[in-house]
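First the structure, in the form of structure tokens, and then the observations on it.
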Amino acid sequence: MSDSQVFVNGTPRPLAGVPTHTNALDFVRGLGLTGAKEGCAEGECGACALMVLRPDGAGSRWTPINACLVPAAALDGQEVVTAEGLGRPDDLHPVQSEMALRGGSQCGYCTPGFVCSMAAEYYRPDRVDTDHADPEHGPNGFDLHAMGGNLCRCTVYRPIRDSARAIGTPHEDDALAERQRQPAPGPAATRLDGSAGGFARPSDLAEALDLLLEHPDAMVVAGATDWGVEANLRGRRAPYVVAIDRLPELRQVSTDGVVEIGAALTLSEAETALGGAVPLLDTLWPLFASRLIRNGATIGGNLGTASPIGDLPPALLALDASVVLSSLEGEREVALADYFTGYRETVLRPGELIRSVRIPLPLAGLTGFHKISKRRYDDISSVAVGFALDVVDETVVRARIGLGGVAATPIRALATEAALEGRPWTAETVEVAAQVLYGEGTPIDDQRASADYRSAMLGNSLRKLWTEAVR
Amino acid sequence: MSVGLPVAHESAALHVTGHALYTDDLVHRTHDVLHAHPVCSPHAHARMTRLDPAPAHEVEGVVRVLTAADVPGVNDGGVKHDEPLFPDEVMFVGHAVCWVLGETLEAARLGAAAVEVDYEPLPAVVSLTEAIAAESFQGGQPVVSRGDVEHGLAGAAHVFSGVTEMAGQEHFYLETHAALALVDEGGQVFVQSSTQHPTETQEIVAHVLGLASHHVTVQCLRMGGGFGGKEMQPHGFAAIAALGATLTGRPVRLRLSRTHDMTLTGKRHGFHAQWRVGFDDEGRLMALEATLTSDGGWSLDLSEPVLARALCHVDNAYWIPHVLLHGRVAKTHKTSQTAFRGFGGPQGMLVVEDVLGRCAPLLGIDPLDLRRRNVYVDGQATPYGQVVRHPERILAAWDQVVSTGQIASRSAEIAEFNAAHPHTKRGLAMTPVKFGISFNFTAFNQAGALVHVYKDGSVLINHGGTEMGQGLHTKMLQVAATTLGVPLARVRLAPTRTDKVPNTSATAASSSADLNGGAIKHACEQILVRLTGLAGDREVGRDITWDELVREAYFSRVQLWAAGFYRTEGLHWDSTAMEGHPFKYFAYGVAATEVEVDGFTGSYRVRRVDIVHDAGESLSPLIDIGQIEGGYVQGQGWLTLEDLRWDESDGPGRGRLTTQSASTYKLPSFSELPEVFNVALLEHAHEDGVVYGSKAVGEPPLMLALSVREALRQAAAAFGTPGTSVDLASPATPEAVFWAADRARSGGADHVVVGLPGAAPDRPDPAAPALHPRSEQAAHESVEA
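Below you can see the structure in the form of structure tokens.
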């Protein structure tokens, strides 16, 4: 364990002696790098954002993440950059300069996090100038959703937006840009043990499964977005943590014959790797948390946590997806509709990992994803609905509808599917089916929405799908 | 001349590089720090029957458990002597009964979990409506009255009555409450605190420790946002840290987690208002009667002055001849609600805007016209008797927004759009703001400053105001540089500390630039008089440089430093009669907001906002525009998105805040930023008698966001038949907008009662006490009183 270290702003920093429940934020702050702040400790505010170098094709990519959610141990061997590493008060980084001069900071507490999100977008290899600007994009190709996971309570978003739209391209000799043209560090074979628990990063799937056998109480983490919330807000101290996000067997993508997505791919990586092959998912991605979360959270993690309000399950249920589960006994494939067994319960057995998700081809012709929430982006859904309909000769020949937020598990809207299949694709059919959909599930009243509203949103989601389809 | 230049925030380069230090960042630069963690009540209301800290001492790393028995002075962390620092009766879920100090935060947390506490649960009042029904009130019940409201209503052509309810708001400053206390040489207690009110933090720490104020120094480097949430609330936390430091001899750090911050600390008051209003045939307001009840939570805190300001802003920018306003503070078993940007003003103004928004369709008058024709004109006075100076600026701003915002053509476009889109509707609304500047409590309208000129000509300034992002320090640097006639770079500002400038007022009420700017200017002018006297016929910059003159002054034994003082003249306020001239002036603004609502879901986006705001002769335009934009979006959050929910059921979680984290309580993010956002400062707006002709800008813009709520009402109404009056909940979440549109479609839109007698507001007990004349002052003074 003594050689475990993280390269912070270019300086190696040992992990020895750091408790395994210590997150990366507390780790860097403990080094005196107090630019990154704790605003919420659950990945909602982005005040703790820093950049980590991740593989990207032949090169690499500075990827912003929420430091509060990631075990420091998970960064063993990795390179991170904080706001302090970008520039100094007397030598500002171009992104910092824009923010400072345009009034992009008021109280300044969220600013280092914004700067890191913005710097990652500054360095994004596929960002290109366009002539086009809209509320979500700058003429410099800046995707404003890149900062959707950063909150500013002084709400100076206008100057921050102007700063984002004004940033140029990195200079040729910019060291961070140059670093990005080289490969990222590989995963370290980490083994850390301390009185408060152990942390292991196995090198391959077989080793991971062995570790799970050896440590039946182990918590499996990939992006650690759940681990972080549990550790920070609920004081959970996992006796042993097994990191699986760099296992090669869990990072494969295929669109040949069947769409297969490795469970350890982050949502951002999956979005890039699929390249628009699944249009339904393309409507989902921007609505799924924030870019900072999507850079950490994985496909498998969202299914493993099995929340009834997870965003992926309604979409994947509509896509008739299945999950491939690996254990020492071998592999099995389970239809996602059979995977959830109760509130946060699944068929997943001890010692078993989700290896991938499979989506059968061909895809349905008419798809949609509707997420109802208080805030337009980066909110937890009150209700989410995934639609996949095949309409042939004005008739619905097949309907798959996945629902989230209306039962103890994500569910299929079976009665509504039946009310659509075999019927003509007309306003009358939609109206009848919408009323059936209204009655699906058993929604509850809570702080996000009333049960009545949830039901109304179910019915209206189909009406809206119809209206937008015929437009 | 630095004043008036659009300079960046004085700490901008530190902010963007992560070098700006906040209270909790100092922990990593301090040795041997202990960490504090609270033991919190699970009950909304209960008597504590047993507290056994012993098991905590079994936890490795626990150093000490702080309880009531440890307090050498007064066991109270509030300003009214109604907030025991270590209570034996818990008054809300989360109420801290004791604090555990540990070598690490982990040890303190585990120690807190080990402390054994027994409770005897007691009945709890949770919601505002429960409190009103149970007549659970606290504090004074002020009345603002002018004319004869019965007469006014009887003579009105149209009378309507109704109820308006609005939720509170969590401050959610990104930096949670934090204090770091240590004991210096000679027993001097030094507290680094994230506080808007260092003097009061000092006073509370002193009285908890049983020390005189001169034993305690409080410093605030800067805050990661305050918004009023750090005006009163930091004191108790600072006192806990200071108590721990004095008892252990080691530095003690107390920083609240987000969950603790949301669970333990006060918020913007939710309000309930009953109202009855009369209009003449042209839609002119004839009479308004209203009873406002605020949700004060478990203790008074600032609830009385917040209520007073609410009552003083029910008129917003409108002339109403006959007025009768009653106010009362409900006592509920929730966090003690406190100051929040606007300080009751937004809640008062929401009432009249809600009245106008709901009555306009019933009167058959376009809300744009209804609002404009009721705006104050020259010679008119507010219901509490203050003549409204420069009311023509309201209409000047209004007409500028109409012109630059192309309101007429856009209204026509919106009508066309709405006719063509059955499932999507747009709405456009304009609202004015008139906001009184000064503390209602006259004594608070004073400030001090300390200006040093060193022998090399460099200048160091200190003043009593704190920096929380509002740009106060930037403006103060500009004022000093301008007054002394030196470049901005020659002036530095040192952090706010109580041993530099004593007896300061809270950085609050938007008035800190006025007050501290006045004090700095006063100090600079004293130095300048001495220097110009020395210079004689020599002109600085031509015949002699500033540095040379300063050096000459030193050798001539001329004093190169000065203390400045400022008091706002012309204020008087009778809080018993609720009459007088409490405000130095009014800040004005007008906003137009256009929204688009999806009829299937009620979700919406803000398409365009146009604002003209009166910042006087702006001291610092970049800062002021930032305040206006930020205030608007924060107000937009309060009115549309931010949705505080408490468990009001009879279950075991009764009284629990169910939105106690960033994942359940949503702030505006990038997606809420208006797509087009035009902000202009009103021109020719010099304000006499204020530093360099400027006006306060911290709070007033928040209320410009009332236009977004009215625009949403317009859009929801567009789903129904023309003339539909729409009742819209606050916050206007997508769900609230959906139901409002749903009611508009079905025709049964509003609950407004038409005609007399209507639904008459409660008339609270005339024997109820008025506001205490010093309802804002600190506890140690009221103890002596």
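If you're matching them up, the sequences are chains A and B in order.
First residue of the first sequence: 1, per our numbering; consecutive thereafter.
First residue of the second sequence: 472, per our numbering; consecutive thereafter.
Quick reminder that beta carbons are idealized off the backbone N, C-alpha and C, glycines included.
Quantities reported herein were computed from a predicted structural model and do not represent experimental measurements.
Please state if the CB of residue j and the CB of residue i are separated by a distance shorter than 7 Å.
i: V536 (chain B); j: C511 (chain B); result: no
i: A189 (chain A); j: S203 (chain A); result: yes
i: G828 (chain B); j: R1184 (chain B); result: yes
i: G108 (chain A); j: S482 (chain B); result: yes
i: E394 (chain A); j: W425 (chain A); result: yes
i: D311 (chain A); j: F288 (chain A); result: yes
i: A200 (chain A); j: L209 (chain A); result: no
i: F1190 (chain B); j: K738 (chain B); result: no
i: L447 (chain B); j: H944 (chain B); result: Examination of residue 447 (chain B) is not possible in this model, given that chain B is present from 472 through 1256 alone.
i: P314 (chain A); j: A384 (chain A); result: yes
i: T472 (chain A); j: R423 (chain A); result: Residue 472 (chain A) lies beyond the residue range present for chain A, which begins at 1 and ends at 471; the question has no answer from this structure.
i: G898 (chain B); j: L834 (chain B); result: no
i: Q667 (chain B); j: T937 (chain B); result: yes
i: G582 (chain B); j: A527 (chain B); result: yes
i: L556 (chain B); j: G707 (chain B); result: yes
i: V777 (chain B); j: F814 (chain B); result: yes
Consult DSSP for residue i and reduce its assignment to one of helix, strand or coil.
i: P1240 (chain B); result: coil
i: D1258 (chain B); result: In the structure displayed, chain B extends from 472 to 1256; residue 1258 (chain B) sits before or after that span and is not available.
i: C783 (chain B); result: coil
i: T1344 (chain B); result: Not covered by the structure: residue 1344 (chain B). The range shown for chain B is 472 to 1256.
i: K896 (chain B); result: strand
i: Y1059 (chain B); result: strand
i: E260 (chain A); result: strand
i: E1255 (chain B); result: In this predicted model, E1255 (chain B) has a pLDDT of only 34, less than 50, meaning its place in the structure is not dependable; the value taken from the coordinates is given anyway. In the structure shown, E1255 (chain B) sits in a helix (DSSP, three-state: H, G or I).
Can you list the residues of chain B that residue i reaches, using a CB-CB cut of under 7 Å?
i: N460 (chain A); result: F1071, T1072
i: Q435 (chain A); result: What Q435 (chain A) touches in chain B: nothing, since even the nearest Cβ is about 15 Å away.
i: C110 (chain A); result: L645
Along chain A, which residues have their Cβ under 9 Å away from the Cβ of residue i?
i: Q941 (chain B); result: Q106, C107, C154
i: L727 (chain B); result: Neighbours of L727 (chain B) on chain A: none; closest Cβ ~11 Å, over 9 Å.
Since residue i and residue j should fall inside the 8 Å C-beta cutoff, what is the C-beta to C-beta distance between them, to a whole number of angstroms?
i: S268 (chain A); j: Q180 (chain A); result: S268 (chain A) to Q180 (chain A), Cβ: 16 Å. No contact.
i: L692 (chain B); j: P966 (chain B); result: 5 Å
i: A625 (chain B); j: V662 (chain B); result: With a Cβ gap of about 59 Å, A625 (chain B) and V662 (chain B) do not count as contacting.
i: W790 (chain B); j: L841 (chain B); result: About 13 Å separates the two Cβ atoms, so there is no contact after all.
i: H793 (chain B); j: D619 (chain B); result: 6 Å
i: P64 (chain A); j: N23 (chain A); result: Not confirmed; about 16 Å, so no contact.
i: V1068 (chain B); j: A1186 (chain B); result: 4 Å
i: V115 (chain A); j: Q96 (chain A); result: 6 Å
i: V859 (chain B); j: A852 (chain B); result: 6 Å
i: A1176 (chain B); j: Y1103 (chain B); result: 5 Å
i: E42 (chain A); j: A1133 (chain B); result: 6 Å
In chain A, what lies closer than 7 Å to residue i by C-beta?
i: F1148 (chain B); result: R158
i: T1135 (chain B); result: Q447
i: G573 (chain B); result: By Cβ distance, chain A contributes nothing, its closest Cβ being about 13 Å from G573 (chain B), past 7 Å.
Taking C-beta pairs closer than 8 Å, name the residues in chain A that residue i reaches, listed in chain order.
i: P817 (chain B); result: Here the premise fails: no neighbours, minimum Cβ distance about 15 Å.
i: L1110 (chain B); result: Within 8 Å Cβ-Cβ: nothing; L1110 (chain B) doesn't reach chain A, min ~13 Å.
i: V972 (chain B); result: Result: empty, since nearest Cβ-Cβ is about 22 Å, beyond 8 Å.
Output, in chain order, the set of chain E residues within a Cβ distance shorter than 7 Å of residue i.
i: Y438 (chain A); result: Given the protein chain composition of this structure (A and B), no chain E is represented.
Residue i touches chain B at which residues, Cβ-Cβ below 8 Å?
i: T467 (chain A); result: H894, F1071
Note down, in chain order, all residues in the segment 691 to 709 of chain B with a beta-carbon under 9 Å from any beta-carbon belonging to chain A.
R693, M694, G695, G696, G697, F698
Residues from the segment 374 to 389 of chain A in contact with chain B, defined by Cβ distance under 7 Å
K374, R375, R376, Y377, D378, D379, I380
What residues in the segment 157 to 183 of chain A bring their beta carbon closer than 9 Å to a beta carbon of chain B?
Y157, R158, P159, I160, R161
Please list, in chain order, the residues of the segment 1196 to 1210 of chain B that have any C-beta partner in chain A closer than 8 Å.
Residues are counted here when their Cβ sits less than 8 Å from a Cβ of chain A; for the segment 1196 to 1210 of chain B these are T1204, P1205, E1206, F1209, W1210, given in chain order.
Interfacial residues, the segment 115 to 128 of chain A to chain B, with Cβ spacing under 8 Å:
V115
Any C-beta of chain A within less than 9 Å: which residues of the segment 1154 to 1174 of chain B qualify?
none
Check distances from the C-beta atoms of the segment 33 to 55 of chain A to those of chain B and list, in chain order, the residues that come in under 9 Å.
L33, T34, G35, A36, K37, E38, G39, C40, A41, E42, G43, E44, C45, A47
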